[in-house]
Each structure stands twice: as C-alpha cells, then as structure tokens.
Amino acid sequence: MADDVMSRVIRVIAETQRVPLDTIKPESTFEELKIDSLDGINIVFAIENEFNVNVPDEAAKSLRSVRDVAEGVEKLVAGG
Amino acid sequence: MGVVSTFGCGVTPFWEAISSGRSGIRPIEGLAPLRFPNGAQVGGYIASEHFDEKRLMLLDRFAQYALVAAREAMRQAGAPAIDAVITGCSAGGQDAMDAGFVELYRNNSPRVNPLMVPRVMSSGAASHMAMEFDIEGPVYSVSTACSSANHAIGQAFTMVRSGICKSALTGGCESVFSYGFLKAWEAMRVVSPDTCRPFSRNRRGLILGEGAGMLVIENYDIARARGAEILAEIVGFGMSSDAHHITQPTADGPARAMRAAIADANIQKVHYINAHGTGTLANDARETEAIRSIFSGNVLVSSTKSMHGHALGAAGALEAVATVMALRKQLLPPTANYTEKDPECAMDVIPNEPREAEIEYALSNSFAFGGLNAVLAFRR
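Given below as structure tokens:
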C-alpha cells in the first residue's frame, strides 16, 4: 500500500473526527476509535472529496477499520 | 379520511393497492443522477385540477397535498365544524427552497422569490387548511422528522379527549422529491438501490415516498349525536424518546412508546401492528426486538411502507388511514417485496399476501431519526 494513501486517509479521519492525528494508526479499528455508523458515512463523504472517488453504499457500510478505508481507496483509485 | 399518495388522490385507490399487496414504488421522474433510481412519487397529480393559478403561487407541493387530502376528509365526514388543525411535516417546502437557491447560487440572481418564505414554512399547510375551512382555534404543525404525523394525530387526539377542543383536522403532509433534498438522503446511505423490503433479510434500505393523509377526529358523543359515520376510534397514544443517538435507533425507546399507548388505551390485547418498518437494517431489527419484548410473537405485523414508501412527516398519517381501513375491512395489508426470512425479524409480517383476520385493536408505530417515538392505538 502506498504510504501516501494511508497517510491521507489517516489525516481525513482525524479531521472528520476532530481528534489529534497521532491517535489514529493504520491498524486502528472503528470500534477502538469510537466511530459509529453516522461518523462512518461522514468519513466516507470526506474520503470521496479527498480522492475524488465515489464509494458505493454497500462498500461504505462494510468499513470496519482504517486499513479497510485505505484499501478501499486504492481499489477505487485503480479503477477497481 | 383523505389521502394523496403514490397511488393518486383518494383513500380508495390507496386502500385498493395496499390491501392487495401492490407496490407504488417506481422509477423517479426527472431527478438524476442519484444512486437510488426508485421512489414512491405521487402519481397522476395535476395541480391545476385542484387549485387556480393565483393560489398555486402560494402552495408548495406538501401544502397542496395537505389541502387535497383535507378536502376529501371533510367531504367524507360531512363537513362538520372543526375547532383545530394539527399537521405533521418534516421538510416543508423543499421545491421553493431548491428553486430559490438555484437562482441565487447557480444563476447568480441578485434576489429570490418573495413567496419563498411562506411556501417553505412547514406550518404553511396547517394555515392554508385553517383558511380554507375557516378554523379559528388551535392551529399548528408538529415537526419530529419521520414521526411528525403520529405526534400530530396524538396531540389532536389528546386535545379532543381532554375537551380542549371538540374536533380536529389532523394528519401529515410531505413532499420529498426535490433534487437537493434527495441528494441529502443519498448521502445518508439509507435509501435502497432497488426496492423496500421491510423485515426481509436482504433488505437494503428505505424507499422515499410522499403525499398526505388527513383525518377528521371528533368527540365520540358529538359524532354520534350528529349521525356521523364513525370509521374507527383512536383509543390511546404513547410517546417516548430513545435519548441515545441522532440516527441509530434502540429497541427500548419504541417498546416504551408502545407500552405507553397500550396503557393509555387501557387494552389487554393488540391484534395488529402497522409497523414503522422502514426497510433499513437497523430499524427493522430493533423494532422487531421491541415488539417481541411486549407481544412474544402472537401479534400480526406489517409494513405498508413497502408499498407507499416512507413519506417522512406524512408517514404516520398514511399508516393511520391504512390501520383504520384494516380495522373496518377486517383485512390486513401485507408487507410487500418480502423474499427472505430474517432471524433478527422473527415475526409474522404478513408477507406479500393480504390476510383476512378478526381484529379489534391495532397499533400504528412511528419512530424517527433522533429517537422520537410515537404510537397510536386504534379500535374498530
């Protein structure tokens, strides 16, 4: 995974959740970060804007961790 | 009673459709791109058949639907004297707001239409109803998102029961098919990409609907004395708040509202529940949990949203009409589009086919984003 994608994902999540950058690690789960379903769709919205991609509903709902988000972004950016 | 819905104007086409399990969900006309192609838009409606051009300038669609439904309800009730109007509406005049902001932001117009404010205000429908039927007592609108109409009808019921007024025109009205508003729902990711399958394991979300339902409610003795045809009795009203989350529902809040309605009605048995049943994963599982915590599985439940869509602030009113008709006809409208049992929704949800049943008491559930629950109890 490109470091660049992961670091941008972490920054977007930190900004959206209004928490310090260093509280979010690549291996963090949404549960650990207390990200609920509404936070989740808000993060996906910010990710769509950051990477200029469209995230389908079912993919958006399946995200459980920071790594899920970064991997999902890589797939979408690669046109997958 | 009066209705405007995806099935057109009138209680008759509404009841004929839902009591035969026919869904009014179809492709949304003229509003794209959207991730969800389908909705339950009011069909076959021509505004000029109901209002002259001058009056239409003041009426956004939700208020037109309210007036058309109110006229039918008043006609059917024999045009009694009405003391109060209490309507539910969540979104107000989205058409006027959308059009005004397109002019302002996209077309760089230096001004917006001066009728935007009176068209947008969600209490406008109640005011127009008061003016049309000359109702000079308490007139107001309740806005509690998707439970607006049940809160409104419940308020009207408690006011009539307490003697604050003798009669009321009450219900809900909503018009959701404006592009900006639909995009907001798309962003919430709760709208199904195909259809609404309440309580079915493969459900994928709600389908937006619109319209209005209006009911004339009257003090029982006065209604009898004037020889009115009494369609049904409202016997109880229960409210609660989840006090939990702005979008995620609980089971406890809805259960408390149902218990409160049953206690208020002082009844021992409920035969049928017209569920909130939106078709979202969360609502249907939590609502089932709530119902089962009270009824241990021996109550018949259906979601008519599978056919008329989720009409937000009008939902409870359409469902009140459905519940009253079910009591009158002893025929339960089904949960349409049901294809797969879900262990999380283990109830008899009357899948796909209507069912004849002897029923005397029924509940109609409405729950809202933000955990605002309102349940009406009806008697045949």
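Taken in sequence, the protein lines are chains A and B. Under the working numbering, think of the first position of the first sequence as 1, with each following residue one higher. Under the working numbering, think of the first position of the second sequence as 1, with each following residue one higher. We treat Cβ as the ideally placed atom computed from N, Cα and C, and that holds for glycine.
Can you check whether the C-beta of Q248 (chain B) is within less than 9 Å of a C-beta belonging to chain A?
Under the Cβ distance rule, Q248 (chain B) counts among the residues neighbouring chain A, one pair being separated by less than 9 Å.
What does DSSP give as the partner residue(s) for C173 (chain B) in the beta ladder?
DSSP output for C173 (chain B) lists B:A212 as bridge partner(s).
Can you pull the chain A neighbours of M239 (chain B), defined as C-beta to C-beta under 9 Å?
Taking the beta carbon of M239 (chain B) as reference, no residue of chain A falls within 9 Å; the closest one sits roughly 24 Å away.
Please list the terminal residues of the continuous beta strand (DSSP E) segment that includes N373 (chain B).
Per DSSP, the continuous beta strand (DSSP E) segment holding N373 (chain B) begins and ends at L372 to R379.
Assuming F367 (chain B) and S147 (chain B) form a contact by the criterion Cβ under 8 Å, report the distance between their Cβ atoms to the nearest whole angstrom.
Right, the Cβ-Cβ distance comes to about 6 Å (below 8 Å), so this counts as a contact.
Of all the alpha helix (DSSP H) runs that stay within the bounds of the segment 317-354 of chain B, which reach a length of 4 or more residues?
Segments of the alpha helix (DSSP H) lying fully in the segment 317-354 of chain B: there are none.
If I'm right that S392 (chain B) touches F14 (chain B) with Cβ under 8 Å, what's the distance once you round it to whole angstroms?
The structure shown has nothing for residue 392 (chain B), since chain B only spans 1 to 380.
Pop quiz: V12 (chain A) and E50 (chain A) are said to be a contact at Cβ under 8 Å. What is the actual Cβ separation, rounded to whole angstroms?
Cβ atoms of V12 (chain A) and E50 (chain A) come within 8 Å of each other, at about 5 Å.
How would you label I230 (chain B), buried or exposed, when you count the other beta carbons within 10 angstroms and need 16 or more for buried?
Label assigned to I230 (chain B): exposed.
Determine whether the Cβ of M188 (chain B) lies closer than 9 Å to any Cβ atom of chain A.
With 9 Å as the cut-off, M188 (chain B) counts as an interface residue toward chain A.
At a Cβ threshold of 9 Å, is G277 (chain B) touching chain A?
For G277 (chain B), no CB of chain A lies under 9 Å from its own CB, so it is not counted at the interface with that chain.
Relative to the ligand PLP, is the shortest distance from any of its heavy atoms to the C-beta of L67 (chain B) smaller than 8 Å?
Summarising the ligand content, the structure contains no ligands, and the ligand PLP is consequently not present.
Could you list which residues in chain A have their beta carbon closer than 7 Å to that of R35 (chain B), in chain order?
Taking a Cβ-Cβ threshold of 7 Å, the residues of chain A close to R35 (chain B) are D57, in chain order.
Check whether the segment 56-70 of chain A touches the segment 26-40 of chain A, taking contact to mean three or more Cβ pairs, one atom from each stretch, closer than 8 Å.
The segment 56-70 of chain A is in contact with the segment 26-40 of chain A.
The segment 58-77 of chain A: which residues have C-beta closer than 9 Å to a C-beta of chain B, in chain order?
Listed in sequence order: E58, A60 and K61.
Tell me, please, whether the segment 241-254 of chain B touches the segment 124-143 of chain B by the rule of three or more beta-carbon pairs shorter than 8 Å.
Contact fails: fewer than three Cβ-Cβ distances are below 8 Å.
Considering only the alpha carbon of each residue, which of B:E186, B:D52 and B:S20 lies closest to P33 (chain B)?
Taking each of B:E186, B:D52 and B:S20 in turn and checking the Cα distance to P33 (chain B), the smallest one comes out for B:E186.
Identify which residue in B:G2, B:G43, B:P37 and B:A152 has its Cα closest to the Cα of G8 (chain B).
Distances from the CA of G8 (chain B) to each of B:G2, B:G43, B:P37 and B:A152 were compared; the closest alpha carbon is that of B:G43.
For R119 (chain B), which option in B:A91, B:A152, B:A77 and B:L332 has the closest C-alpha, if you only look at C-alpha atoms?
For the options B:A91, B:A152, B:A77 and B:L332, the alpha carbon positioned closest to that of R119 (chain B) is the one of B:A91.
Examine the Cβ distances between the segment 323-341 of chain B and the segment 65-77 of chain B and report whether three or more of them are shorter than 8 Å.
Because the criterion of three Cβ pairs below 8 Å is not met, the segment 323-341 of chain B and the segment 65-77 of chain B do not touch.
Name the chain B residues whose beta carbon is nearer than 7 Å to that of F45 (chain A)?
Simply A187.
Inter-residue CB distance, R387 (chain B) and P193 (chain B) (contact presumed, cutoff 8 Å)
Residue 387 (chain B) is absent from the model: chain B starts at 1 and stops at 380.
Check whether the Cβ atoms of M129 (chain B) and L169 (chain B) sit closer than 9 Å, and answer yes or no.
Yes.
Identify the contact partners of P193 (chain B) in chain A, using a Cβ-Cβ distance below 8 Å as the criterion.
Chain-order list of chain A residues neighbouring P193 (chain B): D57, by C-beta distance under 8 Å.
For a cutoff of 9 Å on Cβ pairs, would you count L33 (chain A) as touching chain B?
Output row for L33 (chain A): interface = no.
Thinking C-beta only, is V270 (chain B) closer than 9 Å to A377 (chain B)?
Cβ distance < 9 Å, so A377 (chain B) and V270 (chain B) count as in contact.
Run down chain B in chain order and give the residues with a C-beta less than 9 Å from the C-beta of D36 (chain A).
Neighbours of D36 (chain A) on chain B, chain order: H245, T247 and Q248.
Counted within 10 angstroms of its Cβ, other Cβ atoms place N107 (chain B) as buried (16 or more) or exposed:
Exposed.
I'd like to know whether the C-beta of G205 (chain B) is nearer than 9 Å to at least one C-beta of chain A.
For G205 (chain B), the answer is yes, since a Cβ of chain A falls inside 9 Å of its Cβ.
Cα separation between K34 (chain A) and N42 (chain A)?
Straight-line measurement puts the Cα of N42 (chain A) at about 14 Å from the Cα of K34 (chain A).
Mapping DSSP to helix, strand and coil, what is C89 (chain B)?
Coil.
Spatial neighbours of N373 (chain B) within its chain, please: CB distance less than 6 Å, with the 5 preceding and 5 following residues excluded, ordered by chain position.
The residues are S240, G253, P254, A257 and F367.
Environment of Q64 (chain B) [buried if 16+ CB atoms lie within 10 Å]
Flag for Q64 (chain B) reads buried.
Which same chain residues, not among the five before or five after M325 (chain B), have their C-beta less than 6 Å away from its C-beta?
Closer than 6 Å at Cβ, skipping near neighbours: W15.
Please state the DSSP three-state secondary structure of F367 (chain B).
F367 (chain B) sits in a strand when the DSSP states are folded into three classes.
What are the residues that DSSP puts in a beta bridge with G205 (chain B)?
BP columns for G205 (chain B) are empty, so no partner.
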